[in-house]
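To start, the structure under review is shown below, and the notes come after it.
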Amino acid sequence: MNNFNQTKAWLFMAFTGFLLISCGNSPSSTAITPTTAGTGVSGSLPPSLLTVSKSITTAIAATGTVVVTATVVDADGASVADGTNVLFETDIPGTSITSSALTVSGVATATFNANNVAGTATITATAGSATGFTTIQILASTPASVSLVSSSPAQIGVKGAGLAETAILTFKVSDATGNPVTDGTTINFSIGNALGGGETISPTTTDTVSGVVSVTLTAGNKSGLIGIVATEPISDVATTGSVVVLGGQGIASNFSMETNQASFEGFDRIGNTNDFKVFLADIFGNPIKEGTPVTFITELGSIPSATVNVAGIATTTYTTPGGNDPGSVLRGHPLGAGTGKTGYLTVLAMAPGQEPFSDNNNNGIYDAGDTFTVAQHDFGEPFLDANENGVHDVGEQYNDTNADGLYSGPNGVHDKDTVIWVSMVVVLSTKSYTMTPVGGPTSYVVTIVDANNNPVDASSTYTAALSFTAPGSPGTITGVGASNLPFGVSYALVTPGSPVVPIWVPTFVNNATTSHLAGDVMSITTTTPSSTLIIDGL
């Protein structure tokens, strides 16, 4: 065969072989399936291998977050199909991570939050039977401050007061950046200024959750301001939260009244004033709630109502109307002429409260086992004892507590919610007065009274002097002060033995241990708001 023919034969065979191969008609041909190993082309095989990585490889703060990435391939090393579900978990309670995510090009991502929890968290990612792990270290934060968030309620009452007896105080513990400290930070609680009434707190130690801790205060039987101290012991940071403990209901046995002057010029003077003050406390002696109203009444003149302050004290000012004739009862006296004592004025104070009792179980509440003695503890309705005889008489003003239109005396049972009262008698002194000496030159008494034979104004002043012929050192007058009395001679300012009311009539009594010399003269000067009177030649 020549060269040309040989060439044609070769070309024919090559072309024929090419066609056979291309058409697959050769009995020995095999289909070639391209491999995807290492090519990154998504396959359809199940997950076989899962690797986990994280966006931050160093330790994070307790407030930090980390992006966690799961890469998933099949047995051939190809990325799993898009939409493959990957589950994520953290092993530290309190921390959190996205629970599941779908793959895109074989990758699924989740976000981990430390949530103020310290420790080393193990993150597990699972896709089918493939599982991967990584760890995240969370640093504990350093407490820098403790602050009070709330006190609910801000005011409570002593036990038996009928008010809330517990308060919850909530504190926030923060780091230097102002963020909440790591959960589990221990805080200790204590009472900073105990009132001594059996108040308690619970718990005395606890751990933070989201930087917050709480403690419960339970009141005892003493009122006042209680400070609860919250302390982080490692960094030694602390703060104090306060709760006001209010007194309970006022009780008649702790209701009292006083005045600046038990006798004052007002019988025949207009516009003279005198202050009256009451104190009202609960059964434990605690001042009652600030703002509690107290009503004052009297048979003559004006005296407005008042409210108690934080110390349980209410103060009011009485103003005299004047216009009374010496020797007569107060004008407008409800019982008319011939009743009561001339110049005597009764002042009545009333407030909400309860009748007294013996609190044998010390719980502040009248209940079984307590003692209520009618003769000692039972009060009738408040009344203005205008004639100072100690009982209610027809015509005397009263507070109709039970609204029956009649005056009601003691009812024989303990009244928990009623109107309690206290009263006192004062003297409206006249502008004129007398001093009457009694006795001889070495033994005498000088009594100073007003025109109604009552004490003079209590603000009056007294001085005494003795002119003498013999030399000597100055003496003193007991209750009066220094004078020019001779050495060894004194004069006492005394009170009557049995005053009708707690008012004293000033009386000078000679207490000299030696006789006066011939020519000695005693003089006494009394000065009242309206006048001055001198008696001498004693």
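One rule links them: number in the numbering used here = place in the sequence shown (from 1) + 517.
Idealized CB from N, CA, C, for every residue including glycine.
Mind reading off the beta-carbon distance from P899 to Y915? Whole number of angstroms is fine, and I expect it under 8 Å. 6 Å
Tell me the DSSP secondary structure of M867 in three-state form. strand
So for N791, helix, strand or coil by DSSP? strand
Where do the ends of the alpha helix (DSSP H) carrying V690 lie? Premise fails: V690 lies in the beta strand (DSSP E), T683 to S691, not in any alpha helix (DSSP H).
V590 by DSSP, collapsed to three states: which one? strand
As a quick exercise: from I573, A592 and G581, pick the residue whose alpha carbon is nearest that of P462. Residue 462 is absent from the model: the chain starts at 518 and stops at 1055.
Kindly list the residues whose CB is nearer than 8 Å to the CB of T790, restricted to its own chain and excluding five residues on each side of it in sequence; keep chain order. T834, Y835, T836 and T837
Where A747 and A828 are concerned, what is the direct C-alpha to C-alpha distance, given to the nearest angstrom? 29 Å
For L862, which of N630, H909 and I814 has the nearest alpha-carbon? I814
What residue does the alpha helix (DSSP H) around Q893 start on, and which one ends it? V891 to H894
V603 and A618: beta carbons closer than 7 Å? yes
In terms of residues, what are the limits of the beta strand (DSSP E) holding T643? G636 to A644
If you draw a straight line from the alpha carbon of P670 to that of G741, how long is it in whole angstroms? 15 Å
Nearest candidate by alpha-carbon position, reference S759, set Q766, F781, A798 and A736: A736
Between the Cα of A892 and those of V584, V864 and G929, spot the shortest distance and give me the residue it belongs to. G929
Given this structure, state the Cα-to-Cα distance separating S875 from T725, to the nearest angstrom. 45 Å
Under 7 Å, do T639 and T652 count as touching if we go by C-beta distance? yes
Minimum C-alpha distance to D974 - residue among N705, D785 and G623: D785
Write down the C-beta distance between E816 and L901 rounded to the nearest angstrom, noting that I regard them as a contact closer than 8 Å. 6 Å
Between the CA atoms of V811 and P991 - distance to the nearest angstrom: Since pLDDT at P991 reaches only 43, below the 50 mark, its modelled position is unreliable, and the value read off the structure follows with that caveat. Computed Cα separation, rounded: 50 Å.
In three-state DSSP terms, what is S770? helix
Smallest Cα separation from I768: which of A868, T703 and F688? A868
Hey, out of V666, L945 and S572, whose CA is closest to G788's CA? L945
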